[in-house]
Amino acid sequence: MTARRILVVDDDLQILRALRINLTAHGYHVIVAPDGRSALRAAADAHPDVVVLDLGLPDMDGTEVIEGLRGWTRMPIIVLTARHASAAMVKALDAGADDYVTKPFGMAELLARLRAAVRRSAVWSADSGAASEPVVETAAFTVDLAAKKVIRADGANVRLTPTEWGILELLVRHRGKLVGQRELLRTVWGPSHSTETNYLRVYMAQLRRKLEPDSAHPRYLITEAGMGYRFEPER
Numbered sequence: 001m002t003a004r005r006i007l008v009v010d011d012d013l014q015i016l017r018a019l020r021i022n023l024t025a026h027g028y029h030v031i032v033a034p035d036g037r038s039a040l041r042a043a044a045d046a047h048p049d050v051v052v053l054d055l056g057l058p059d060m061d062g063t064e065v066i067e068g069l070r071g072w073t074r075m076p077i078i079v080l081t082a083r084h085a086s087a088a089m090v091k092a093l094d095a096g097a098d099d100y101v102t103k104p105f106g107m108a109e110l111l112a113r114l115r116a117a118v119r120r121s122a123v124w125s126a127d128s129g130a131a132s133e134p135v136v137e138t139a140a141f142t143v144d145l146a147a148k149k150v151i152r153a154d155g156a157n158v159r160l161t162p163t164e165w166g167i168l169e170l171l172v173r174h175r176g177k178l179v180g181q182r183e184l185l186r187t188v189w190g191p192s193h194s195t196e197t198n199y200l201r202v203y204m205a206q207l208r209r210k211l212e213p214d215s216a217h218p219r220y221l222i223t224e225a226g227m228g229y230r231f232e233p234e235r
């Protein structure tokens, strides 16, 4: 059986070393990262089964790492947080973390939470309903779900509003599949706006002006009349 891959993110090198030794001894394949940017790169390259993430990183807030991961993957994330930092823990859970362990922690507790996370990982890995690659390319532009940015073929960054990004992210994660109007509205605007289809028409027109070579004849952001929208990277 292939060893489960665990990405451990912490700027404390002693903790990284201790966790790598202990988790390796329990049969895990351990990848380590000392900061947020290297963690996002390692996650994109190695596709770990679980991420163990310290929230206090030197280059970015731990919740930014969670948000970057949640842009393209549902892999379980366990956060490490100081016992007194309850507000940071709540913020991390709201950003998409699955579980938490307070410092100082015992290995028995962390291992138990890892076993539960690995079981969840097996479930989402088997689900092919959403895109699993963080970078999606078209002939006209590239969408980097982890970095939350879009780059045109000429290398220029495309400036998107948070709402535009929310729509594009959902469509790209489900590329090639119809995403219903109600699902888009609930996800991007919230349950109280599930019938406001005029919002979608306005923002889809804006996205097409920014991304499509010919916004009047879209190649990538396709309307399914009366039902929803679909992202097609190649047509």
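Those letters in the sequence shown? Residues 1 to 235, by full-length UniProt numbering.
A virtual CB, placed ideally from N, CA and C, is assigned to each residue, including glycine.
Original post:
Quick one: what does DSSP say T223 is sitting in, helix, strand or coil?
Top reply: On the sequence shown, position 223 is the one that residue 223 refers to. Reduced to three states, the DSSP call for T223 is strand.
Subject >> Status (buried if at least 16 other CB within 10 Å, exposed otherwise) for P76 >> reply: Here the question's residue 76 lines up with position 76 in the sequence shown. P76 comes out buried.
Original post:
Can at least three beta-carbon pairs, one atom from the region 190-205 and one from the region 135-153, be found at a separation below 8 Å?
Top reply: Touching, no.
Original post:
Per DSSP, what kind of secondary structure is A18 in: helix, strand or coil?
Top reply: What you label residue 18 is simply residue 18 of the sequence shown in a count that begins at 1. Here A18 sits in helix by DSSP.
Subject >> Cβ neighbour criterion (16 or more within 10 Å) applied to G129 >> reply: Counting from 1 along the sequence shown, the entry for residue 129 is found at position 129. Note that G129 has pLDDT 48, beneath the 50 cutoff, so the model's placement of it is unreliable and the number below is only indicative. Burial check for G129: the Cβ neighbour count within 10 Å stays below 16, so the residue is exposed.
Original post:
Where do the N-terminal and C-terminal ends of the beta strand (DSSP E) with D45 fall, by residue?
Top reply: Sequence index remark: in the sequence shown, residue 45 carries index 45 (1-based). From DSSP, D45 is part of no beta strand (DSSP E) but of the alpha helix (DSSP H) over 36-46.
Original post:
In the DSSP assignment, what are the bridge partners of D144?
Top reply: To locate residue 144, count along the sequence shown from 1; it is residue 144. Per DSSP, the beta bridge partners of D144 are V135, K149.
Subject >> Buried/exposed call for G155, threshold 16 Cβ in 10 Å >> reply: Taking the sequence shown and counting its residues from 1, the one referred to as residue 155 is at position 155. Exposed, by the Cβ-count rule.
Original post:
What is the residue span of the alpha helix (DSSP H) that M63 lies within?
Top reply: Indexing the sequence shown from 1 puts residue 63 at position 63. Per the sequence shown, residue 63 should be read as Thr rather than Met. That run of the alpha helix (DSSP H) goes 62-70.
Original post:
Thinking just about the alpha-carbon of each residue, which of L185, V150, A146, W165 is nearest to the one in H47?
Top reply: On the sequence shown, position 47 is the one that residue 47 refers to. Out of L185, V150, A146, W165, A146 has the C-alpha closest to the C-alpha of H47.
**OP:** For D99, name the three-state secondary structure that DSSP assigns.
**Re:** Working through the sequence shown from its first residue, we reach residue 99 at position 99. In the structure shown, D99 adopts extended strand secondary structure according to DSSP, grouped into three states.
Original post:
Counting contacts by CB-CB distance shorter than 8 Å, is G96 in contact with chain D?
Top reply: Absent from the structure is chain D; it holds one protein chain and no more.
Original post:
Using the C-alpha atoms, what's the distance from A216 back to T73?
Top reply: Residue 73 sits at position 73 when you count from the first residue of the sequence shown. Residue 216 sits at position 216 when you count from the first residue of the sequence shown. Counting only the Cα atoms, A216 lies some 32 Å from T73.
Subject >> Span separating the alpha-carbon of R5 from that of T102 >> reply: To locate residue 5, count along the sequence shown from 1; it is residue 5. To locate residue 102, count along the sequence shown from 1; it is residue 102. When rounded, the distance between both Cα atoms is 22 Å.
**OP:** Consult DSSP for A33 and reduce its assignment to one of helix, strand or coil.
**Re:** Against the sequence shown, residue 33 aligns to sequence position 33. Collapsing the DSSP output to three states places A33 in a strand.
Original post:
Beta-carbon separation of residue 241 and L40 under 8 Å?
Top reply: Because the chain here runs from 1 to 235, residue 241 falls outside it and cannot be looked at.
Original post:
Between T223, R219, G228, R159, which lies nearest to R186 when the distance is taken from Cα to Cα?
Top reply: Along the sequence shown, one-based indexing puts residue 186 at 186. Minimum Cα-Cα distance from R186 among the listed residues T223, R219, G228, R159 corresponds to G228.
**OP:** Tell me whether S128 sits in a helix, a strand or coil according to DSSP, three-state version.
**Re:** Locating residue 128 in the sequence shown gives position 128, counting from the first residue. Note on S128: pLDDT 44, under 50, position unreliable in the model; the coordinate value appears next. DSSP places S128 outside both helix and strand once states are collapsed to three, so it counts as coil.
Original post:
Under three-state DSSP, which class holds Y203?
Top reply: For the purposes of this step, residue 203 is identified with residue 203 of the sequence shown, where counting begins at 1. Y203: helix per DSSP, three-state reduction.
Subject >> Range of the contiguous alpha helix (DSSP H) that encloses G166 >> reply: Reading the sequence shown from its first residue, position 166 is the one you call residue 166. Per DSSP, G166 belongs to the alpha helix (DSSP H) from 162-173.
Subject >> Helix, strand or coil at A216 according to DSSP, with G and I counted as helix >> reply: By 1-based counting over the sequence shown, the position of residue 216 is 216. It is coil, neither helix nor strand.
Original post:
Can you check whether the CB of D214 is closer than 8 Å to the CB of V118?
Top reply: Mapped onto the sequence shown, residue 118 falls at position 118. Mapped onto the sequence shown, residue 214 falls at position 214. No, Cβ-Cβ distance for V118 and D214 is not below 8 Å.
**OP:** Locate the beta strand (DSSP E) running through T195, then write down its first and last residues.
**Re:** Taking the sequence shown and counting its residues from 1, the one referred to as residue 195 is at position 195. T195 -> no beta strand (DSSP E), and no H or E assigned at all.
Original post:
With a CB to CB cut of under 6 Å and the five nearest residues on each side skipped, what residues in its chain are close to M107?
Top reply: The residue labelled residue 107 in the question sits at position 107 within the sequence shown. Excluding sequence neighbours, M107 sits near N22.
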